[in-house]
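Asks: Structure in structure tokens, see below.
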Amino acid sequence: MRYVIIGAGAVGGAVGGRLAGAGHEVVLVARGAHHAALRVAGLRLRVPDGEFTYRLPVVDGPDGLGALRADDVLVLAVKTQDTEGALTVWGPAPVEGGGTAAERLPLLCAQNGVEGQRLALRRFRHVYGVCVWLPATFVAPGTVSAAGSPLTGILHLGVYPHGTDETARRIAADLEKARFEAPVVPDLARWQYAKLLSNLANAVEAVSGSVESEAALALVDRVRAEGVAVLDAAGIAYASVEEQRALRGDKITLLPLGDAPRGGSSWQSLTRGTGTIEADHLNGEIALLGRLHGVPTPLNDLLQRLANTFARERRAAGSMPPAELVRLADEAEAAVDV
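Every number in the working numbering is 3 more than the matching position in the sequence shown, counting from 1.
In structure tokens, the structure reads:
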């Protein structure tokens, strides 16, 4: 199988680079300065076992490949807010022997949140979800860092909306040869909703910096508790913290990579000044479910709003003092109680 990585940023670049390093055919899809850097100098992947440069085919859309191959696997690794644009472009792409990508090819949604795969299923017949546990960073064109060791990441796979099949198992086997653990599970949503709960902290880091102080950690606990209350009210199952911890064990330890920056996906969006951020599909997912099931979500509402404002106005990542963010959070919760 050939892997077409649609969105060769942090997650896509790490997965694509590791697959290429394991001998698999990989095509990278990127835009703008990142596309130019990849074409000129290749993908520079910084990992604990060294720095590797992969000179791979690079395109900015399906036209650069001509007809897709029948053995292609599309890996959708763009941020959720960019999903519709990617699906619009890649769905109608022709496949050798007839038909389109949306009709014939497997599409893996390697994204945070739960909405991307739902959007994909409106257009693609063969959609697979991925629960991405892959600490990786992309802030400079052409370079991706992934600090996990001995595994680069853990990627749960499953057919969306549920189930498993032989294609998922073949993809998992390729990933496991490339420094990933890739459990194929019939209940993928449990893992994705558990990951969503942890991703609610992305906006805290993006807005006010590393979550290290006692006050910041306490705020993250409050935000997560709000998310748990919403999922419980909605009857949505999620893997427990203990279950996640038992699965990961000591399989992934984050090691220093020289001067390589490190921060979550939302922090990276602000650092690159993209003008958009994924908060609508993380904190906003909790806000949506809260409104549907009658559970107030003042903290996630606040974080969604602040993250979007920071992205839209291109404010510096981490530029709000943690004490100010906590004050705003206290006010938001107090307003609900009035």
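Ideal Cβ placement from N, Cα and C applies to all residues, glycine included.
Is Gly100 close to the ligand GDP? I mean its beta-carbon at under 8 Å from any heavy atom of the ligand.
Replies: Among the components modelled here there is no ligand, and therefore nothing to report on the ligand GDP.
Asks: Going by other Cβ atoms of all chains shown within 10 Å of its Cβ, with 16 needed for buried, is Thr86 buried or exposed?
Replies: It counts as buried.
Asks: Using the beta-carbon count (16 or more within 10 Å), is His129 buried or exposed?
Replies: buried
Asks: According to DSSP, is Glu54 helix, strand or coil?
Replies: strand
Asks: Comparing C-alpha positions only, which one of Pro324, Ala113, Leu191 and Ala143 sits nearest to Leu1?
Replies: The chain is shown from 4 up to 341; residue 1 falls before or after that span and cannot be answered.
Asks: Output the residue ranges of the beta strand (DSSP E) runs that lie fully inside the region 4-69 and measure 3 residues or longer, sorted by chain position.
Replies: Fully enclosed beta strand (DSSP E) runs of 3 or longer: 5-9, 28-32, 46-50 and 53-57.
Asks: Leaving out the 5 sequence neighbours to the left and right, which residues in its chain are closer than 7 Å to Arg58 when beta-carbon positions are compared?
Replies: Gly45
Asks: Cα separation between Gly252 and Gly101?
Replies: 46 Å
Asks: Tell me which residues share the same chain as Pro186 and place their Cβ nearer than 6 Å to its Cβ, disregarding the 5 neighbours each side in the sequence.
Replies: His159
Asks: Can you grab the Cα-Cα spacing for the pair Ala228 / Val339, in whole Å?
Replies: 16 Å
Asks: At what residues does the alpha helix (DSSP H) containing Val298 begin and finish?
Replies: Unbroken run through Val298: none, as it is neither H nor E.
Asks: Tell me the residue span of the beta strand (DSSP E) that contains Gly161.
Replies: Gly156 to Val162
Asks: Roughly how many whole angstroms lie between the Cα atoms of Thr83 and Asp283?
Replies: Roughly 9 Å separates the two Cα atoms.
Asks: In three-state terms, what does DSSP make of Ala80?
Replies: coil
Asks: Go ahead and pull the three-state DSSP assignment for Ile255.
Replies: strand
Asks: Taking C-beta to C-beta, are Gln307 and Gly287 nearer than 9 Å?
Replies: yes
Asks: Can you look up Glu99 in the DSSP assignment and give me helix, strand or coil?
Replies: coil
Asks: On the three-state DSSP scale, how would you describe Leu309?
Replies: helix
Asks: Return the CA-CA distance between Arg248 and Ile255, expressed in angstroms with no decimal places.
Replies: 11 Å
Asks: Who pairs with Trp270 in a beta bridge, going by DSSP?
Replies: Note: Trp270 sits in no beta bridge, so no partner.
Asks: Asp63 and Ala33 - do their beta-carbons sit closer together than 9 Å?
Replies: With a cutoff of 9 Å on beta-carbon distance, Ala33 and Asp63 are scored as near each other.
Asks: In three-state DSSP terms, what is Thr146?
Replies: In the structure shown, Thr146 sits in a strand (DSSP, three-state: E or B).
Asks: If you follow the beta strand (DSSP E) that Gly398 is part of, which residue opens it and which one closes it?
Replies: Coverage of the chain is limited to positions 4 through 341, which leaves residue 398 absent and any answer about it impossible.
Asks: Bridge partners for Leu71 per DSSP, in chain order?
Replies: Val98
Asks: Terminal residues of the continuous beta strand (DSSP E) containing Leu110?
Replies: Where Leu110 is concerned, the enclosing beta strand (DSSP E) starts and stops at Leu110 to Ala113.
Asks: Assign Glu316 to one of two classes, buried (16 or more other C-beta atoms within 10 Å of its C-beta) or exposed (fewer than that).
Replies: Label assigned to Glu316: exposed.
Asks: Just curious, the beta strand (DSSP E) that Gly276 is in, first and last residue?
Replies: Here Gly276 belongs to no beta strand (DSSP E), and DSSP marks it neither H nor E.
Asks: Please report the Cβ distance between His38 and Val61, rounded to the nearest whole angstrom; I am assuming they are in contact, meaning their Cβ atoms lie under 8 Å.
Replies: 6 Å
Asks: Run the CB neighbour count on Arg193, radius 10 Å, all protein chains shown included, and call it buried at 16 or more, exposed below.
Replies: buried
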